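Position one of the sequence shown corresponds to residue 1 (full-length UniProt numbering), numbered consecutively onward.
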Amino acid sequence: MVTVIPDSSVSVVQIDDVKAVVTDPHTRVTGPDLARLLVETGTISSGTVSSAQQNLSHRERSASPADSASTDNGPAKNNVVVDARAYEQFTELLLGGHITEAIDSALKNGLYADAIVLARRLLAHDTTKLAEIEERFIATRPQCNPVVTLFSVSSKKLVPILMNPTGDDSGNWRTHAAIILANLTSSEAMETVYDLGKALAKRDYNCAADFCFLAVAVLAGVNPFKPASSLPVECESRQNITLIHACIPEHDLESLQCCYGFSLADFHATEIFDYAIRLSNDSAYSPLRECIEYQQKRLQYAHLIADFGGFATDAFRYCVEVAREIWNYYHLLPNDVLNDLCDLADK
1 MVTVIPDSSV
11 SVVQIDDVKA
21 VVTDPHTRVT
31 GPDLARLLVE
41 TGTISSGTVS
51 SAQQNLSHRE
61 RSASPADSAS
71 TDNGPAKNNV
81 VVDARAYEQF
91 TELLLGGHIT
101 EAIDSALKNG
111 LYADAIVLAR
121 RLLAHDTTKL
131 AEIEERFIAT
141 RPQCNPVVTL
151 FSVSSKKLVP
161 ILMNPTGDDS
171 GNWRTHAAII
181 LANLTSSEAM
191 ETVYDLGKAL
201 AKRDYNCAAD
211 FCFLAVAVLA
221 GVNPFKPASS
231 LPVECESRQN
241 ITLIHACIPE
251 HDLESLQCCY
261 GFSLADFHAT
271 EIFDYAIRLS
281 NDSAYSPLRE
291 CIEYQQKRLQ
301 YAHLIADFGG
311 FATDAFRYCV
321 EVAREIWNYY
331 HLLPNDVLND
341 LCDLADK
């Protein structure tokens with residue numbers, strides 16, 4: 001015999017129902033069966049309702065004190081009502097053992113924290129469901145959210161904020177590129193940064209584009225000076241570096257080109273990068289060694305040196321250095337360039 005306590009949540013009727021279920025030879029007792037028996041005498045006990053109102057979604061709990069102090073007709077009360085109903089529906093589905101339906105209900109009503117925690121613990125094997133929850137949550141975040149950036153890269157998707165970078169966006173693309181470089185080292189991350197460089201080059205932000213190209217070169221060993229073997233028909237931007245852009249076009253003195261059609265500031269910046277790579281390690285590979293355009297410009301620069309009186313020795317030494325660099329790649333250069341190098345060294 002069971003003595004019924006006034007405040008007890010279990011009654012004699014429910015105990016009898018449990019007995020009936022357990023003793024039925026044709027029924028297999030499940031957790032949802034017992035849960036149903038607990039709540040079928042009332043939709044949800046008063047204690048559960050109180051708990052639901054006290055354990056609302058993360059949105060209501062994170063409300064500021066000012067929001068909590070709003071009037072009864074203010075938005076804070078409406079949010080509480082909506083969240084309370086959503087949480088009540090979420091709880092009812094869990095009481096029935098409907099985990100998937102409960103998660104779907106939580107997603108529908110914006111209870112993303114509840115949905116992801118429940119799924120990670122109870123549906124850890126269902127990677128598709130976990131991915132769906134993450135994607136639906138990410139869809140609610142603004143493009144400038146760094147989580148969206150890292151999620152997109154790690155999911156091998158395009159990063160929205162980096163698809164159309166501008167020069168007057170308060171450095172948004174810089175921030176998100178920095179977030180990628182600081183936290184990810186995967187091939188997808190490097191490809192994203194390189195693609196950002198292409199997008200910047202398309203808009204003639206050449207210094208920024210070269211920074212992205214060089215960052216990938218240093219971190220992933222990609223050769224940004226190697227011309228693309230084939231370009232798509234719709235490609236309108238450069239895919240590589242010829243000379244590192246070191247000057248701003250508006251600065252006439254820095255961007256002034258020599259008689260061979262290139263900026264000496266850009267040329268010197270490229271030489272500095274080449275020297276820095278080789279200085280880091282005697283056996284370090286510099287991608288500029290087999291860059292034909294760069295080596296040809298070095299020869300043209302040697303001509304510029306030779307044209308100044310009293311610099312014949314310096315021009316000869318420079319030619320020797322160029323010859324050393326191209327020794328293993330001489331077959332890639334035209335014969336007239338090689339002959340020109342020899343003639344200049346003989347002067």
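Even for Gly, the Cβ is constructed at its ideal location relative to N, Cα and C.
The model shown is predicted, which means the values in this text are computed figures rather than measured ones.
**Report entry** Own chain residues within Cβ distance below 8 angstroms of residue 186, not counting five before or after
**Finding:** Position 186 of the sequence shown holds residue 186. Result list for residue 186: 153, 154, in chain order.
Query - Beta-carbon contacts of residue 347 that lie in its chain and below 7 angstroms, excluding the five residues immediately before and after - result: Taking the first residue of the sequence shown as 1, we reach residue 347 at position 347. Counting only Cβ-Cβ distances below 7 angstroms, and skipping sequence neighbours, we find 306, 312.
Report task. Could you name the residues of the same chain whose beta carbon sits closer than 6 angstroms to that of residue 199, not counting the 5 residues immediately before and after it, in chain order? Result -> Against the sequence shown, residue 199 aligns to sequence position 199. Once the five neighbours on either side are set aside, the close Cβ partners of residue 199 are 165.
**Report entry** Of the listed residues 290, 126, 273, nearest to residue 329 (C-alpha basis)
**Finding:** In the sequence shown, counting from the first residue as 1, residue 329 sits at position 329. For residue 329, the nearest C-alpha among the options comes from 290.
**Report entry** Buried or exposed by the 16-neighbour rule on C-beta atoms within 10 Å, applied to residue 267
**Finding:** The residue labelled residue 267 in the question sits at position 267 within the sequence shown. Buried: at least 16 other Cβ atoms inside 10 Å.
Query raised in the report: Which residues in the same chain as residue 119 place their Cβ atom closer than 7 angstroms to its Cβ, once the five residues preceding and following it in sequence are excluded?
Result: Taking the sequence shown and counting its residues from 1, one reaches residue 119 at position 119. If we look at residue 119 and ignore the five residues flanking it on each side, its Cβ neighbours are 103, 129, 130, 133.
Report task. Starting from the Cα of residue 334, find the closest Cα among 324, 295, 303 and give me that residue. Result -> Stepping through the sequence shown from its first residue, residue 334 is reached at position 334. Among 324, 295, 303, the Cα nearest to that of residue 334 belongs to 295.
Query raised in the report: Does the beta-carbon distance from residue 196 to residue 243 come in below 9 angstroms?
Result: By one-based count along the sequence shown, residue 196 stands at place 196. By one-based count along the sequence shown, residue 243 stands at place 243. Judged by beta-carbon spacing, residue 243 lies beyond the 9 angstroms limit of residue 196, meaning their Cβ atoms are not closer than that value.
**Report entry** Rounded straight-line distance, which links the Cα of residue 286 to that of residue 279
**Finding:** Counting from 1 along the sequence shown, the entry for residue 279 is found at position 279. Counting from 1 along the sequence shown, the entry for residue 286 is found at position 286. Our two residues, residue 279 and residue 286, have alpha carbons roughly 10 angstroms apart in a direct line.
Query raised in the report: Around the Cβ of residue 224, are there at least 16 other Cβ atoms within 10 angstroms (buried) or fewer (exposed)?
Result: Translated into positions along the sequence shown, residue 224 becomes position 224. Counting the other Cβ atoms within 10 Å of the Cβ of residue 224 gives 16 or more, which makes it buried.
Requested in this report: List in chain order: all unbroken beta strand (DSSP E) runs of 3+ residues lying wholly within the segment 180-221.
Outcome: Qualifying beta strand (DSSP E) stretches: none in this window.
Query raised in the report: Is there contact between the segment 214-223 and the segment 256-272, where contact requires at least three CB pairs shorter than 8 angstroms?
Result: Result no; under three Cβ-Cβ pairs closer than 8 angstroms.
Query raised in the report: How many angstroms separate the CA atom of residue 339 from the CA atom of residue 177?
Result: Position 339 of the sequence shown holds residue 339. Position 177 of the sequence shown holds residue 177. Approximately 45 angstroms, taken between the alpha carbons.
Report task. Could you tell me if residue 62 is buried or exposed, where buried requires 16 or more neighbouring beta carbons within 10 angstroms of its beta carbon? Result -> As a working note, residue 62 is residue 62 in the sequence shown. Below a pLDDT of 50, predicted positions are generally treated as unreliable, and residue 62, at 41, falls in that range; the measurement from the model is reported next regardless. Exposed: under 16 other Cβ atoms inside 10 Å.
Query - C-alpha gap between residue 205 and residue 180, whole angstroms - result: Residue numbering aside, residue 205 sits at position 205 when the sequence shown is read from its first letter. Residue numbering aside, residue 180 sits at position 180 when the sequence shown is read from its first letter. Those two C-alpha atoms are separated by around 20 angstroms.
Report task. Report the rounded CA-to-CA distance for residue 158 versus residue 315, giving the unit in angstroms. Result -> The sequence position of residue 158 within the sequence shown is 158, counting from 1. The sequence position of residue 315 within the sequence shown is 315, counting from 1. Going from the Cα of residue 158 to the Cα of residue 315 covers about 49 angstroms.
Report task. Can you tell me which of the three DSSP states residue 257 falls into? Result -> Residue 257 sits at position 257 when you count from the first residue of the sequence shown. In the three-state scheme derived from DSSP, where H, G and I count as helix and E and B as strand, residue 257 is classed as strand.
Query raised in the report: Helix, strand or coil: how does DSSP classify residue 263 here?
Result: Within the sequence shown, numbered from 1, the residue matching residue 263 stands at position 263. Note: residue 263 maps to strand in three-state DSSP.
Query raised in the report: From which residue to which residue does the alpha helix (DSSP H) around residue 335 run?
Result: Mapped onto the sequence shown, residue 335 falls at position 335. For residue 335, the uninterrupted alpha helix (DSSP H) run begins and ends at 335-346, by DSSP.
Report task. Please report how far the alpha carbon of residue 281 lies from the alpha carbon of residue 211, in whole angstroms. Result -> As a working note, residue 281 is residue 281 in the sequence shown. As a working note, residue 211 is residue 211 in the sequence shown. So the alpha carbons of these two residues sit roughly 22 angstroms apart.
Query raised in the report: How would you label residue 259, buried or exposed, when you count the other beta carbons within 10 angstroms and need 16 or more for buried?
Result: As a first step, residue 259 is located in the sequence shown; it is residue number 259 there, counting from the start. Under this definition residue 259 is an exposed residue.
Requested in this report: My understanding is that residue 147 touches residue 190, with C-beta atoms under 8 angstroms, so please give their C-beta distance in whole angstroms.
Outcome: Along the sequence shown, read from residue 1 onward, the residue named residue 147 stands at position 147. Along the sequence shown, read from residue 1 onward, the residue named residue 190 stands at position 190. 20 angstroms between Cβ atoms; not a contact.
**Report entry** residue 337 versus residue 194 - alpha carbon distance
**Finding:** Sequence index remark: in the sequence shown, residue 337 carries index 337 (1-based). Sequence index remark: in the sequence shown, residue 194 carries index 194 (1-based). Answer to the nearest angstrom: the Cα atoms are 32 angstroms apart.
**Report entry** Sequence-distant residues of the same chain with beta carbon closer than 7 angstroms to residue 319, five excluded per side
**Finding:** As a first step, residue 319 is located in the sequence shown; it is residue number 319 there, counting from the start. 302, 341, 344, 345.
Report task. Note down the Cα distance separating residue 228 from residue 324, rounded to an integer number of angstroms. Result -> Indexing the sequence shown from 1 puts residue 228 at position 228. Indexing the sequence shown from 1 puts residue 324 at position 324. Here the alpha carbons of residue 324 and residue 228 stand approximately 26 angstroms from one another.
Query raised in the report: Near residue 136, which residues of its chain fall below 6 angstroms by C-beta distance, leaving aside the five closest residues on each side in sequence?
Result: Along the sequence shown, read from residue 1 onward, the residue named residue 136 stands at position 136. Non-local C-beta neighbours of residue 136 in its own chain, meaning closer than 6 angstroms and more than five positions away in sequence, comprise 107, ordered along the chain.
Report task. Compare the C-alpha of residue 263 against each of 288, 304, 326 and name the closest. Result -> The sequence position of residue 263 within the sequence shown is 263, counting from 1. Residue 304 is the option with its Cα nearest to residue 263.
Query raised in the report: Should residue 326 go down as buried or exposed, given a rule of 16 or more other Cβ atoms within 10 Å for buried?
Result: Counting from 1 along the sequence shown, the entry for residue 326 is found at position 326. With 16 or more Cβ atoms within 10 Å of its Cβ, residue 326 is classed as buried.
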